[in-house]
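Each remark here refers to the structure printed beneath this line.
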Amino acid sequence: MLYKQIDLSTSYASCLIDDPNYALSIDTYIIQEDKQTSLFIELDSIFKYVGIKDVDIVIDEIKKVKTALLYTETISNQTKNFVYYQHLNPVLALVHFYLRKNGNDTNKLKDAIGNLYHNIILEWHKYDPDLVDSLGLFFR
Numbered sequence: 001m002l003y004k005q006i007d008l009s010t011s012y013a014s015c016l017i018d019d020p021n022y023a024l025s026i027d028t029y030i031i032q033e034d035k036q037t038s039l040f041i042e043l044d045s046i047f048k049y050v051g052i053k054d055v056d057i058v059i060d061e062i063k064k065v066k067t068a069l070l071y072t073e074t075i076s077n078q079t080k081n082f083v084y085y086q087h088l089n090p091v092l093a094l095v096h097f098y099l100r101k102n103g104n105d106t107n108k109l110k111d112a113i114g115n116l117y118h119n120i121i122l123e124w125h126k127y128d129p130d131l132v133d134s135l136g137l138f139f140r
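Residues in the sequence shown are numbered consecutively from 1, following the UniProt record's numbering.
Structure representation (structure tokens):
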């Protein structure tokens, strides 16, 4: 299992923590099992950043509609929820619906749907291009 924390700006581009536009850090994992490589992206930090206070309610909604492959990992005594990378955008769409349904602002989430997946893959590509290529991602 490979772990990488990615620091992101308000536009979900990678940045340094001391950047004035720094917004959140997301934990990511690459898990290799049975000759299969999978990337998982943390959801908790994204949810908190966009204003969701009760992450468990949204996770339960995702489980109910069976939209995504979820994975749970404990990091520094904190249990965090992760989503399989190919399911990130459908999950973000559900989060957008959840925010709108509850009358919450969706502005912080708007850019995530298009940019977050791409920027996370780019960060992993900088770290280990061969591994990213083995995932069969969009760097073809």
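Heads up, the beta-carbon is just placed ideally off N, CA and C, and yes, glycines get one too.
Quick caveat: nothing in here was measured; it's all calculated off a predicted structure.
How would you write the range of the alpha helix (DSSP H) that residue 111 sits in, first residue to last? 107 to 127
For residue 138, name the three-state secondary structure that DSSP assigns. Residue placement at residue 138 is poorly supported in this model, since its pLDDT is 48, which falls under 50; the coordinates are not used for a value here.
Do three or more CB pairs link the region 102 to 120 to the region 37 to 50 at distances below 8 Å? yes
Short check: CB of residue 28 to CB of residue 4, under 9 Å? yes
Buried or exposed: which applies to residue 81, given that a residue is buried once 16 or more other Cβ atoms fall within 10 Å of its Cβ? buried
Own chain, CB closer than 8 Å to residue 65, minus 5 neighbours either side, in chain order: 94
In the DSSP assignment, what residue or residues form a beta bridge with residue 40? 29 and 84
Closer than 7 Å by C-beta to residue 106: which residues in its own chain qualify, once you throw out the five before and the five after it? Chain order, please. 96, 99 and 100
Assigned secondary structure, residue 6 (DSSP; H/G/I helix, E/B strand, else coil): strand
Short Cβ contact (9 Å threshold) for residue 72 with residue 91: no
Return the residue from the list 124, 14 and 109 that minimises the CA-CA distance to residue 85. 124
Buried or exposed: which applies to residue 128, given that a residue is buried once 16 or more other Cβ atoms fall within 10 Å of its Cβ? exposed
Compare the Cα-Cα distances from residue 201 to each of 62, 8, 15 and 132 and report the closest residue. The displayed coordinates of the chain run from 1 to 140. Any statement about residue 201 would go beyond what the structure contains.
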